[in-house]
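Protein chains: 2
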Amino acid sequence: MPERLPHTLRSDARDNRERILSVARSTFADAGLDVSMREIARRAEVGPATLYRRFPTKEALVTEAFTEQMNACTVAVEEGLADPDPWRGFCHLIETVCALHARDRGFTAAFMSSFPHAIDFTAARERALRSVTELARRAKAAGKLRPDFVVDDLVLILMANSGIRASSPAAAAAASRRLAALLIQGFSAEPGPRPLPPAVRLPLMPVA
Amino acid sequence: MPERLPHTLRSDARDNRERILSVARSTFADAGLDVSMREIARRAEVGPATLYRRFPTKEALVTEAFTEQMNACTVAVEEGLADPDPWRGFCHLIETVCALHARDRGFTAAFMSSFPHAIDFTAARERALRSVTELARRAKAAGKLRPDFVVDDLVLILMANSGIRASSPAAAAAASRRLAALLIQGFSAEPGPRPLPPAVRLPLMPVA
DNA sequence: ACGCTAGCGGAGCACCCCGTCCACTTAGCT
DNA sequence: AGCTAAGTGGACGGGGTGCTCCGCTAGCGT
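Chains P and E, in that order, give the protein sequences.
Count the first sequence with the numbering used here and you get residues -9 to 198, in order.
Count the second sequence with the numbering used here and you get residues -9 to 198, in order.
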């Protein structure tokens, strides 16, 4: 009895796990979180039981699938905070995070919704929001950001951004860029209107 | 054989129809369009068959339930167009329509999605969009609206507005007001920032 | 090469949905 | 009061979901 460590997966199991995660990421990305576990199992060419053994609940799968984007999010915040020009940092932050969310419907949903058990997920979000507060403080001090901006407005921005539905990822990204620019413009303390990214045709979607 | 007109419903049937519509309106309003037909039947204290006999498809029910809001929408557009100050009319339009959509999740979904068969619905929408184009033209001519505004931006605004989720209808309305003001600010051609409605605490929702 | 066990996936559970059929009820006219 | 067609809702079949049980397969250490 060789006393294998319980945390070491067998090679085939590890492969399956990776494939499941990869499939989950891409599927959640362009179809949102409403995809059924069975569907993911099907696409990963895995039995439902395997999926459930690896990720006991949908929540676990989602959390695991999106740690990457969550990290990208916090990185964007750090970058914004690190920028010597706080207003440029603020804009960068908004644009990056909006782009991140626009690329990935599922992530937005995951980010917005509070899973009761995904503690580290919500923790990261809280930490990010605190950093944003600091960044906003500096940008206000520099006279570039409206003094009446509050952190909750970031949530408002993210929610607004999450409302975008487009026929292609590219269109969604473009629309998101324009919206982000528009909101930044709205929050700018400086007078004149600055140029916007191009507008996008947003065809209405057939009913889901 | 008294030759009853086929369009006259029996009294009890008419009652049921009204009750169904009323229930559908309120239910769609605060839970979106994803409510099942059965659920609506249950709340209206009616068998599924009755619901389906009166409204052969969910689309029919939705269309019928939201004609009221749709009319309110076109009225808002007309009012905006009628305002002698095109910029004030434009702002009024954006604010009203956003408020209308914020009050009613289901309506937003219905408005955004294109039902293949709800011809009159989409027709009204097209007509409204054309009026908006005219209003925008005037507001631009008055130098109040950015020249790079396009009608598709209204769709963008509506989508953004539809992304708002809040714990209470009041909070949703408040958030929508602030967002609308922000976007109007973004589209303003004039220099200085104008005051915004108060910010809103937007608690994240438990996963749907 | 072999045996042991981690790992597998199909079948099955209980629950939901949709839309339809049909035997019963009841409004409304005479 | 009685008749009849309009109206009703329970029940049904087909399909989906989240999740679990269990007999078979195959990776891995010897």
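The C-beta atom is built at its ideal place from N, Cα and C for all residues, glycine as well.
Whole angstroms is fine: what's the gap from residue i's alpha carbon to residue j's?
{"i": "Asp78(E)", "j": "His91(E)", "result": "Residue identity check: residue 78(E) is Arg in the sequence provided, not Asp. Cα to Cα, the separation comes out at about 20 Å."}
{"i": "Arg28(E)", "j": "Ser12(E)", "result": "15 Å"}
{"i": "Arg(-6)(P)", "j": "Asp2(P)", "result": "Low local confidence applies: a pLDDT of 43 at Arg(-6)(P) is under 50, so the model's placement there is unreliable, with the coordinate-based value given in what follows. Cα to Cα, Arg(-6)(P) sits roughly 16 Å from Asp2(P)."}
{"i": "Phe111(E)", "j": "Arg44(E)", "result": "19 Å"}
{"i": "Ser157(P)", "j": "Ser26(E)", "result": "26 Å"}
{"i": "Gly182(P)", "j": "Ala131(P)", "result": "19 Å"}
{"i": "Ala165(E)", "j": "Ala126(E)", "result": "25 Å"}
{"i": "Glu49(E)", "j": "Val65(P)", "result": "44 Å"}
{"i": "Ala179(E)", "j": "Leu172(P)", "result": "12 Å"}
{"i": "Thr47(P)", "j": "Ala114(P)", "result": "21 Å"}
{"i": "Ala161(P)", "j": "Pro137(P)", "result": "33 Å"}
{"i": "Ile30(E)", "j": "Val145(P)", "result": "32 Å"}
{"i": "Leu(-1)(E)", "j": "Thr53(E)", "result": "20 Å"}
Taking 8 Å as the threshold (beta carbon to beta carbon), is residue i in contact with chain P?
{"i": "Ile154(E)", "result": "yes"}
{"i": "Gly182(E)", "result": "yes"}
{"i": "Leu135(E)", "result": "no"}
{"i": "Asp73(E)", "result": "no"}
{"i": "Leu146(E)", "result": "yes"}
{"i": "Val197(E)", "result": "Because Val197(E) carries a pLDDT of 49, less than 50, the predicted location of this residue cannot be relied on, and no value is offered for it."}
For a test of the three-state rule: what should DSSP assign to residue i, helix, strand or coil?
{"i": "Ser178(P)", "result": "strand"}
{"i": "Val125(E)", "result": "Reading off the sequence, residue 125(E) comes out as Leu, not Val. If DSSP states are grouped into helix, strand and coil, Leu125(E) belongs with the helices."}
{"i": "Ser104(E)", "result": "strand"}
{"i": "Leu192(P)", "result": "coil"}
{"i": "Leu135(E)", "result": "strand"}
{"i": "Pro159(P)", "result": "helix"}
{"i": "Val67(P)", "result": "helix"}
{"i": "Ala34(E)", "result": "coil"}
{"i": "Thr47(E)", "result": "coil"}
{"i": "Thr(-2)(P)", "result": "coil"}
{"i": "Ser26(P)", "result": "coil"}
{"i": "Gly153(E)", "result": "coil"}
{"i": "Arg115(E)", "result": "helix"}
{"i": "Asp75(P)", "result": "coil"}
{"i": "Val13(P)", "result": "helix"}
{"i": "Phe18(P)", "result": "helix"}
{"i": "Val199(P)", "result": "As displayed, chain P neither begins before -9 nor continues past 198, which places residue 199(P) out of reach and without an answer."}
Please tell me whether residue i and residue j are closer than 8 Å, where the distance is taken between their beta carbons.
{"i": "Pro159(P)", "j": "Asp5(P)", "result": "no"}
{"i": "Arg174(P)", "j": "Cys63(P)", "result": "The amino acid at residue 174(P) is misidentified as Arg; the sequence shows Ile. No, they are not a contact pair."}
{"i": "Glu68(E)", "j": "Ala170(E)", "result": "no"}
{"i": "Gly96(E)", "j": "Leu83(E)", "result": "no"}
{"i": "Ala55(P)", "j": "Phe18(P)", "result": "yes"}
{"i": "Leu194(P)", "j": "Ser103(E)", "result": "yes"}
{"i": "Ala14(P)", "j": "Leu51(P)", "result": "yes"}
{"i": "Val122(P)", "j": "Val141(P)", "result": "yes"}
{"i": "Ala150(P)", "j": "Arg168(P)", "result": "no"}
{"i": "Arg93(P)", "j": "Ala39(P)", "result": "no"}
{"i": "Ala129(E)", "j": "Pro76(E)", "result": "yes"}
Using CA atoms only, rank isn't needed, just tell me which of the options is closest to residue i.
{"i": "Arg191(P)", "options": "Asp143(E), Arg155(E), Phe111(E)", "result": "Asp143(E)"}
{"i": "Arg7(P)", "options": "Gly22(P), Leu23(P), Arg33(P)", "result": "Arg33(P)"}
{"i": "Gln59(P)", "options": "Pro38(P), Glu35(P), Val87(P)", "result": "Val87(P)"}
{"i": "Gly37(P)", "options": "Arg128(P), Leu23(P), Arg9(P)", "result": "Arg9(P)"}
{"i": "Phe177(E)", "options": "Pro74(E), Pro187(E), Tyr42(E), Gly133(E)", "result": "Gly133(E)"}
{"i": "Thr57(E)", "options": "Asp24(E), Pro74(E), Thr98(E), Leu41(E)", "result": "Thr98(E)"}
With a threshold of 8 Å between beta carbons, is residue i in contact with chain E?
{"i": "Gln175(P)", "result": "yes"}
{"i": "Pro27(P)", "result": "The sequence shown places Met at residue 27(P), not Pro. Output row for Met27(P): interface = no."}
{"i": "Ala179(P)", "result": "yes"}
{"i": "Arg168(P)", "result": "yes"}
{"i": "Leu125(P)", "result": "no"}
{"i": "Val140(P)", "result": "yes"}
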